[in-house]
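The structure under discussion appears below in the form of structure tokens.
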Amino acid sequence: MSSKRYDRYDAAEVEAKWRERWEASGIYRFQPNGPGPKHYALTMLPYPSGNLHIGHWYAMGPSDTHARYMRMRGYNVFFPMGFDAFGLPAENAAIKNNLDPRHWTYSNIDYMRNQLRTIGMMIDWDQQIISADPEYFRWNQWFFIEMFKRGLAYKKFSAVDWCPNCNTTLAREQVVGEDRHCERCGTPVTRRDLDQWFFKITDYADELLDFSQLDWPERIVTMQTNWIGRSEGASVTFKVADHDDTITVFTTRPDTLWGATFMVLAPEHPLVAQLTTPEQRATVDAYVAEATRKTEIERQSTEEGKAKTGVPIGAYAINPVNNARIPIWIADYVLVTYGTGAIMAVPGHDERDFAFASTYALPIVRVVAEAEADAAAPLTEAEPAAGVAVNSDFINGLPTAAAKQRVIEWLEQQGIGERAVNYRLRDWLISRQRYWGTPIPMVYCAQCGTVPLPEDQLPLTLPSDVDFKPTGESPLKLHPTWRFTTCPECGGPAERDTDTMDTFVDSSWYQCRYLSPHYDKGPFDPALAQKWLPVDIYTGGAEHAVMHLLYTRFWWKVMRDLGLVQADEPMQRLINQGVILGEDNNKMSKSKGNVVDPDMLAARYGADAVRTFLMFIGPWEQGGPWNSQGIEGPARFLDRAWRAVVEIPSSTDAPADPEALRRTTHRTVKKVTEGISRFSFNTAIAALMEFVNDLMKLRETSVRDTAAWVEATTTLALLLAPIAPYIAEEIWEVLGQDGSVHLQAWPEYDEALLVEDEIELPVQINGKIRAKIMVAPDADEATVIAAALADERVMEWTGGKTIVKQIVVPGRLVNIVVK
RNA sequence: GCCGAAGUGGCGGAAUGGCAGACGCGGUGGUCUCAAAAACCACUGGGAUAACACCCGUGUGGGUUCGACUCCCACCUUCGGCACCA
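What follows is the structure in structure tokens.
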């Protein structure tokens, strides 16, 4: 042991030292062909807002801990980082402060990269990607064109969601909440009719519903499943009386066709205008106008089931099963965006139809009952439950499931319907009327139509001399020259698409690009992709459940179908960390004044302490409130760990058992190993705290001069390495060990050392603990019971009573049941 | 309304059928100091007691079990997600 005195651990100094040394020695460099099985650990890349907040630390520190742990376990770990650099804040800053979004973004990135370095992650910055780099977004454009060629990218004129604050359209996933507000800024969206680009994610709807190859949180699986919203049923075509037109509806209950007593079209349904009779024209026009106004302003305020409104259009449809003339109505409870925008109304067995029929005195017929005999039972409310068909001709008596099948067969025979599946999922709208994104690489030519740019014209970059005005039109459209070009096919005059892509495009495939960020023969190097993809563990927030996490699965499947990747899913395992709240238990926000500044904390306590505390707060997946006093605990713990190793005790005369220390060491290895491997960082740290507490006591005993002490302290450094990488490295160095602690193998524990010579066993009488006995851990049942019954306290409780039963759980307890 | 998760000391949490409250924060008392800070030591769920014994205790009410924070049923509360999806 050196005679040097280490009296204070100076986190700032030590951390700065190791940051430099690590970077100089390149211990975190990506080694694509290095030894060990590959492990690709990925954490969601940050947006370069300009400042790293505590939530970033919470997401990244523990991810880094697990990645470091895997590396010490012998895996060749890739744990990259980059920046999701396109997006509105940069452009809004441009408008507000007259700053170039490019400059704003890239200077933020430089600043944040330094903040990220502070955390102490094992990032190889040579692998970084920045999505706003032309060498990156060029491949967004390449993918777009590939998808266009395969019909997976298409342009459509339709009613779309518009955020009046962000001044752009949004994808359906990006409109949230009851009031249908913009996911980004919270402003309620409106509707606009626009010509926009879509990615055909619905082509993959069924495959996206298959989660069998994923180890993802149940919550996310459920959210995606609900979002995709598959429902099975039939499409049925109704003739319109005295018209050549037909109306097709989607129903999940073809078995209730005999109960369809009217039909309802969405007010926006294209046939409304043609079918409305002259007498009804005025009423219908007024209703349609009102519905349009409502949808634009407040959409459907879903005051559950209340006040369903509608008007008849004067036309009638023919119910194909019984040739009944049923009136056609329009009502805004039927949505033009779902199914065919038209329904057959079965008031007897659908709550909404029942409410509507009740309001407008339309006939209600029972066609499902609990038993055939109940065919005439009155209906006082809708009965959507399954049963048996009644009043339904050839399906009478059939249970609902069989009845559905029978009717579908009949419809198919008649040629008026077929089995059909409907999804709630809509295609992904990716056009954005903004500047700071990937330009859409398409050209519109009067002669040749819509033409993709040839590959040698990629990347199509953004002009820098742009006037940023929140006009609702893309600044690219207002640029004097940018949009004007020549047609790649005929060479004639043509115009570019002036919208840019949704920034969720950037993050849909970025994990592939990290492997070869400067590769220029394709989106990524296929050899590296072959070895390193898919991602093994992906960590990040759950707020992306039906946006990024759905888009990236879709994108991956497209890449697979393009032959770029092999697996079926992009990220094997997903862990969602929780959210760090302010001390007041509210979401951190500047306006609430409850924001915690990680830079300040790192300066005061050290990055190690901040990391450790964040992991110690509680289960990572749960998040929780910050506690500015709470960080003192982990800070003290690290300081004590340091002192346990370096402080020279005044005396080591007190006797102690080195074997007991060895057992403690090995038990700690087991607990920490189990904790980190199941992302239960808090219990791993608690085990280390106990260990350090023990070491603090034992350092003033004779064990300090034994091999057991050396084993304990080196093990401490190793176990601490993934959690608090700086202090672990410093301890490692002080212990005189060679190389970096981060290049060492994770310690193994010896099972034999986990066993105590003698254990304390609680003895219960009738399920209540009354005594404790000392026995050998492997003592047999008879021995244990004998020892228990011989115990003085046990005899007091059993005296004069009959022993009915004796339960011995080896190593855990004894229970004696008496009467 | 539907779906999902969660309710444990003053606080964050631990224990997933076997000693409830590990570990940490906070608190109380003490040591050191001229004093303070830091550090260290002891105690810290409630009742009761001089102290022990003992009794109660994991949202509420039932149940299963030798034994339940843990499993089952019903309910309450909180937080998320979806919400006229035919």
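For the first sequence, our numbering begins at 965 and goes up steadily by one. In this text, a Cβ means the ideal position worked out from N, Cα and C, and glycines have one as well.
Asked: In angstroms, rounded to a whole number, what distance separates the CA positions of Val1010 and Asp1470?; Found: Note that residue 1010 is Pro in the sequence shown, not Val. Each residue's Cα considered, the two are about 12 Å apart.
Asked: Taking the alpha helix (DSSP H) that His1512 falls in, what are its first and last residues?; Found: His1512 to Asp1525
Asked: Could you tell me the alpha carbon to alpha carbon distance between Asp1744 and Pro1774, rounded to whole angstroms?; Found: 8 Å
Asked: Would you identify the three-state DSSP class for Ser1095, choosing helix, strand or coil?; Found: coil
Asked: Whole angstroms is fine: what's the gap from Asn1657's alpha carbon to Glu1596's?; Found: 16 Å
Asked: Would you mind giving the Cβ-Cβ distance between Phe1108 and Ile1380, rounded to the nearest angstrom? I have them listed as a contact below 8 Å.; Found: Not confirmed; about 40 Å, so no contact.
Asked: Which one of Gly1014, Val1781, Gly1570 and Ala1651 has the shortest CA to CA distance from Ser1071?; Found: Gly1014
Asked: Report the rounded CA-to-CA distance for Arg1144 versus Arg1136, giving the unit in angstroms.; Found: 10 Å
Asked: With C-beta atoms as the reference, is Trp1710 less than 8 Å away from Leu1680?; Found: no
Asked: Under a three-way DSSP split, which group does Gln1770 fall into?; Found: strand
Asked: Rounded to whole angstroms, what is the Cα-Cα separation between Gln1586 and Ala1117?; Found: 38 Å
Asked: Can you find at least 3 beta carbon pairs, one from the segment 1512-1532 and one from the segment 980-997, that sit closer than 8 Å?; Found: no
Asked: With C-beta atoms as the reference, is Ala1735 less than 8 Å away from Val1667?; Found: no
Asked: From Ser1265 to Thr1323, what does the alpha carbon distance come to, in whole angstroms?; Found: A caution first: Ser1265 carries a pLDDT of 47, below 50, which makes its placement in the model unreliable, though a value can still be read off. Their backbone Cα atoms lie some 19 Å apart in a straight line.
Asked: Pair every Cβ in the segment 1755-1771 with every Cβ in the segment 1712-1726, then say whether three or more of these pairs are closer than 8 Å.; Found: no
Asked: With distances taken Cα to Cα, identify the nearest neighbour of Ile1211 among Pro1044, Phe1121, Phe1202 and Ile1292.; Found: Phe1202
Asked: Rounded C-beta distance between Arg1477 and Ile1093? I'm assuming under 8 Å.; Found: 5 Å
Asked: Quick one: measure Cβ to Cβ for Glu1720 and Val1739, integer angstroms, because I've assumed they're closer than 8 Å.; Found: 11 Å between Cβ atoms; not a contact.
Asked: Considering only the alpha carbon of each residue, which of Tyr1297, Thr1304 and Thr1241 lies closest to Asp1317?; Found: Tyr1297
Asked: For Glu1724, write down the residues that DSSP places opposite it in a beta bridge.; Found: Met1738
Asked: Would Ser1176 be called buried (16 or more neighbouring beta carbons within 10 Å of its own) or exposed?; Found: exposed
Asked: Classify Lys1635: buried if its beta carbon has 16 or more other beta carbons within 10 angstroms, exposed otherwise.; Found: buried
Asked: So which of Ile1640, Lys1164 and Lys1732 has the shortest CA-CA distance to Arg1032?; Found: Ile1640
Asked: Can you give me the start and stop residues for the alpha helix (DSSP H) that Trp1021 sits inside?; Found: Ile1018 to Met1036
Asked: Based on the DSSP secondary-structure assignment, which residues constitute the bridge partners of Arg1289?; Found: Ile1282
Asked: Looking only at C-alpha atoms, which of Ala1319, Trp1180, Ser1480 and Gln1244 sits nearest to Val1538?; Found: First, the amino acid is wrong: residue 1538 is Leu here, not Val. For Leu1538, the nearest C-alpha among the options comes from Trp1180.
Asked: Should Lys1554 go down as buried or exposed, given a rule of 16 or more other Cβ atoms within 10 Å for buried?; Found: exposed
Asked: In terms of residue numbering, what span does the beta strand (DSSP E) encompassing Tyr1483 cover?; Found: Run containing Tyr1483: none; DSSP gives neither H nor E here.
Asked: Tell me whether Gly1384 sits in a helix, a strand or coil according to DSSP, three-state version.; Found: The residue you asked about is not Gly; residue 1384 is Ala in the sequence shown. It is a strand residue.
Asked: Please classify Val1610: is it buried, with 16 or more other beta-carbons within 10 angstroms of its beta-carbon, or exposed?; Found: buried
Asked: Candidates His1482, Leu1684, Met1535 and Thr1677: which alpha carbon is nearest Glu1099's?; Found: His1482
Asked: Return the bridge partner residues of Val1636 from the DSSP annotation.; Found: Bridge partners of Val1636: none, in fact.
Asked: Assuming Tyr1075 is part of the alpha helix (DSSP H), what are its boundary residues?; Found: Pro1065 to Ile1083
Asked: Would you give the residue range spanned by the alpha helix (DSSP H) that Asn1646 belongs to?; Found: Phe1645 to Leu1662
Asked: Buried or exposed for Ile1733, going by 16 or more other Cβ atoms inside 10 Å?; Found: exposed
Asked: For Thr1414, does the three-state DSSP call read helix, strand or coil?; Found: strand
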